[in-house]
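Asker: According to the numbering used here, the sequence shown is numbered sequentially starting from 208.
Yeah, the Cβ is synthetic: ideal placement off N, Cα and C, and Gly gets one too.
These figures come from a predicted structure and were not determined experimentally.
Structure incoming, see below.
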Amino acid sequence: MNNEEMKARDLSVLWHPCTQMKDHEWLPMVPMKSGRGVWLEDFDGNQYIDAVSSWWVNLFGHANPRLSKALSDQAHQLEHAMLAGFSHQPVIELSERLVSVTPKSLTRCFYADNGSSGIEAAMKMSYHYWLNRGQPHRSLFITLSGSYHGETLGALAVGNVALYRDTYQPLLIETLTVTAPDAFNREEGESPADYARRCFPEMERTIAENAKRTAAVIVEPLVQCANGMRMYDPVYLSLLREACDRHGVHLIADEIAVGFGRTGTLFACEQANICPDFLVLSKGITAGYLPLSVVMTSDEIYQAFYDDYENLSAFLHSHSYTGNALACAVALETLNIFRDDDIIEQNLKKAQKLHEAFSPVAEHSNVIDFRQTGMIVALELGEGRQQPYPWQQRRGLRVYQHALTRQSLLRPLGNVVYIMPPYVINDDEIEHLATVASEGIDIATRDND
Ligand SMILES: Cc1ncc(COP(=O)(O)O)c(C=O)c1O
208 MNNEEMKARD
218 LSVLWHPCTQ
228 MKDHEWLPMV
238 PMKSGRGVWL
248 EDFDGNQYID
258 AVSSWWVNLF
268 GHANPRLSKA
278 LSDQAHQLEH
288 AMLAGFSHQP
298 VIELSERLVS
308 VTPKSLTRCF
318 YADNGSSGIE
328 AAMKMSYHYW
338 LNRGQPHRSL
348 FITLSGSYHG
358 ETLGALAVGN
368 VALYRDTYQP
378 LLIETLTVTA
388 PDAFNREEGE
398 SPADYARRCF
408 PEMERTIAEN
418 AKRTAAVIVE
428 PLVQCANGMR
438 MYDPVYLSLL
448 REACDRHGVH
458 LIADEIAVGF
468 GRTGTLFACE
478 QANICPDFLV
488 LSKGITAGYL
498 PLSVVMTSDE
508 IYQAFYDDYE
518 NLSAFLHSHS
528 YTGNALACAV
538 ALETLNIFRD
548 DDIIEQNLKK
558 AQKLHEAFSP
568 VAEHSNVIDF
578 RQTGMIVALE
588 LGEGRQQPYP
598 WQQRRGLRVY
608 QHALTRQSLL
618 RPLGNVVYIM
628 PPYVINDDEI
638 EHLATVASEG
648 IDIATRDND
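Below you can see the structure in the form of structure tokens.
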């Protein structure tokens, strides 16, 4: 079996995510045969460094021996049992561990099986909490411009990336959008923290004016990944936590992309020293092995649902694969690797290496911004700070195409070339990616067509 054969078979039966399928008339898709560490290998034997961690899920490399063993051991013991009325060891142990490593008020774990469903569960729980507390009019969610929380209808409604959202607008529930404190938009000489403080009054006002009908404010802490890795200062989260408390509104922290060490701490909220009312985790929770998500919340929220059955106040949300035993066993081993291999400490050094390797790439005259938070580095392309390339030119795609010829899987977001690698990447591989990104940016910005 080679790439050509696999592509032909694929294109006759598949419909790929986030893809205009007609592009594949000229843009080859790459069928992967195997993976090992940061490397993926196709059916022709070409290898690629997975610089985007396969949509930000992979933490410890492909076919990681510890994770594969945990998965295999669990498969021989119990693959799945429904979680309503039943339980099992991996889900209990994982929940205990999650409670021990997250901010201290988060004492309850509710599982779903992907990021978007986790967001939906958190939104429903927040709304339902207010209903159970005798406040049925709190159906509004406040969100930030440029936010992304997934693509099921509820998650899409609280997102704000036009590309994904606009088509479905008539299907979406009401939300209010507040300008994000995106440090890219700060004035020259202004610090990200000062800019975040300058942005906050709009959020304060929006919460204050709508508190009685608002269930929650939902944010991606520190990095808006899908919106092109736009970053903001932790002070915004501290101010937001205070404002939510002052006005009696929930705070939902969507750490689906930034949780599990991406930003330099195990969870991004730690950098603002805050505890959300709902923390939603997915992606890295199983280090890229299996779909799983969890909504963590406080005892205060939990108690609002704890009642006699006849009062119909229970949270009846469910998914068939809730708390899947295989996924939980791998998630538990993921946390073991964090503990045993001192990952957060190691990542500080890797983040430094990323900085050293990529800051020279930022010298390119068409790189209009270079930003980094922990293990995420982004380079924004344009002709000037106020002049991003028109999206129709698909400059980032040219970087992607070049990278494939140079053993690298870079998949830019529009004009933003970013690196968000598995944590097992080594210095040589980081250097290689920087060289490839630099070459790709040269090619992508060479002309103005
Ligand atoms: C911040 C954030 N929230 C939610 C999601 C949705 O997760 P999923 O793709 O698993 O539905 C994503 C996915 O990229 C994300 O980045």
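1) Is any non-hydrogen atom of ligand 1 found closer than 7 Å to the C-beta of residue 432, if you look at the structure I gave you?
2) Between the Cα of residue 420 and those of 489, 337, 432 and 411, spot the shortest distance and give me the residue it belongs to.
3) With a CB to CB cut of under 8 Å and the five nearest residues on each side skipped, what residues in its chain are close to residue 417?
4) Quick one: any contact between the stretch 461 to 480 and the stretch 368 to 377, if contact means 3 or more CB pairs under 8 Å?
5) Can you give me the start and stop residues for the alpha helix (DSSP H) that residue 565 sits inside?
6) Residues in its own chain within less than 7 Å of residue 496 by CB, not counting five upstream and five downstream?
7) Between residue 297 and residue 532, what straight-line distance do the alpha-carbon atoms span, to the nearest angstrom?
8) Hey, how far is the Cα of residue 570 from the Cα of residue 492?
9) Taking DSSP as the reference, what is the three-state secondary structure of residue 254?
10) State the DSSP-derived secondary structure class of residue 500, mapped to helix, strand or coil.
11) For ligand 1, is there a heavy atom less than 7 Å away from the beta-carbon of residue 294?
12) Report the option in 636, 654, 647 and 484 whose CA atom is closest to the CA atom of residue 258.
13) Residue ranges of each alpha helix (DSSP H) run of no fewer than 4 residues wholly in the stretch 327 to 414, ordered along the chain?
14) Quick check on residue 617: buried or exposed, where buried means 16 or more other Cβ atoms within 10 Å of its Cβ?
15) Following the continuous beta strand (DSSP E) through residue 636, name the residue where it begins and the one where it ends.
16) Return the residue from the list 466, 518, 515 and 477 that minimises the CA-CA distance to residue 583.
17) For the stretch 454 to 463 and the stretch 586 to 604, state whether three or more C-beta atom pairs, one from each stretch, are separated by less than 8 Å.
18) Does the stretch 315 to 323 touch the stretch 399 to 412, meaning 3 or more C-beta pairs lie closer than 8 Å?
19) I'd like to confirm the pairing. Which residues does DSSP put opposite residue 446 in its beta bridges?
20) Would residue 414 pass as a contact of residue 451 if the rule is Cβ separation under 8 Å?
21) Assuming contact is defined by CB atoms lying nearer than 8 Å, are residue 436 and residue 291 in contact in what I supplied?
22) Would you kindly work out how many angstroms separate the C-alpha atoms of residue 249 and residue 268, rounded to a whole number?
23) Inspect the beta-carbon positions of residue 539 and residue 285 and report whether they are closer than 8 Å.
24) For the structure I just gave you, are there three or more beta carbon pairs, one from the stretch 587 to 602 and one from the stretch 208 to 221, closer than 8 Å?
25) What do you get for residue 225, buried or exposed, if any count of 16 or more other CB atoms within 10 angstroms of its CB means buried?
26) Using alpha carbons as the reference points, say which of 478, 289, 314 and 562 lies closest to residue 508.
27) Closest to residue 242 by CA distance: which of 260, 235 and 234 is it?
28) How about residue 643 and residue 613: do their beta carbons lie closer than 8 Å?
29) Would you tell me roughly how many angstroms separate the C-alpha atoms of residue 305 and residue 463, rounded to the nearest one?
30) Please report the distance separating the alpha-carbon of residue 332 from that of residue 342.
31) In its own chain, which residues sit with a C-beta less than 6 Å from the C-beta of residue 410, not counting the 5 before and 5 after it?
32) Is residue 323 close to ligand 1? I mean its beta-carbon at under 7 Å from any heavy atom of the ligand.
33) State the DSSP-derived secondary structure class of residue 601, mapped to helix, strand or coil.
34) What residues are listed by DSSP as bridge partners for residue 416?
35) Please determine, among 237, 222, 221 and 528, the residue with the shortest C-alpha to C-alpha distance to residue 608.
36) Given this structure, state the Cα-to-Cα distance separating residue 547 from residue 541, to the nearest angstrom.
Answerer: Taking the coordinates as given:
1) yes
2) 337
3) Correct list, in chain order: 347, 349 and 383.
4) no
5) 550 to 565
6) 274, 278 and 537
7) C-alpha separation (whole angstroms): 6 Å.
8) 35 Å
9) When secondary structure is reduced to three states using DSSP, residue 254 falls in the strand class.
10) Looking at residue 500 - three-state DSSP - the assignment turns out to be strand.
11) Flag unset: Cβ of residue 294 not near ligand 1.
12) Among 636, 654, 647 and 484, the Cα nearest to that of residue 258 is on 636.
13) 360 to 364 and 369 to 372
14) buried
15) Premise fails: residue 636 lies in the alpha helix (DSSP H), 634 to 652, not in any beta strand (DSSP E).
16) 466
17) When C-beta atoms of the stretch 454 to 463 are compared with those of the stretch 586 to 604, fewer than three pairs fall below 8 Å, so the two segments do not count as touching.
18) Taking a cut-off of 8 Å for Cβ pairs, the stretch 399 to 412 and the stretch 315 to 323 do not touch, as fewer than three such pairs fall below it.
19) According to DSSP, residue 446 bridges with nothing at all.
20) yes
21) no
22) Those two C-alpha atoms are separated by around 16 Å.
23) no
24) no
25) exposed
26) 314
27) 260
28) yes
29) 14 Å
30) If I take the Cα positions, the gap works out to 13 Å.
31) 385
32) Yes, Cβ of residue 323 sits closer than 7 Å to a heavy atom of ligand 1.
33) coil
34) Residue 416 pairs with nothing; no bridge assigned.
35) 237
36) 10 Å
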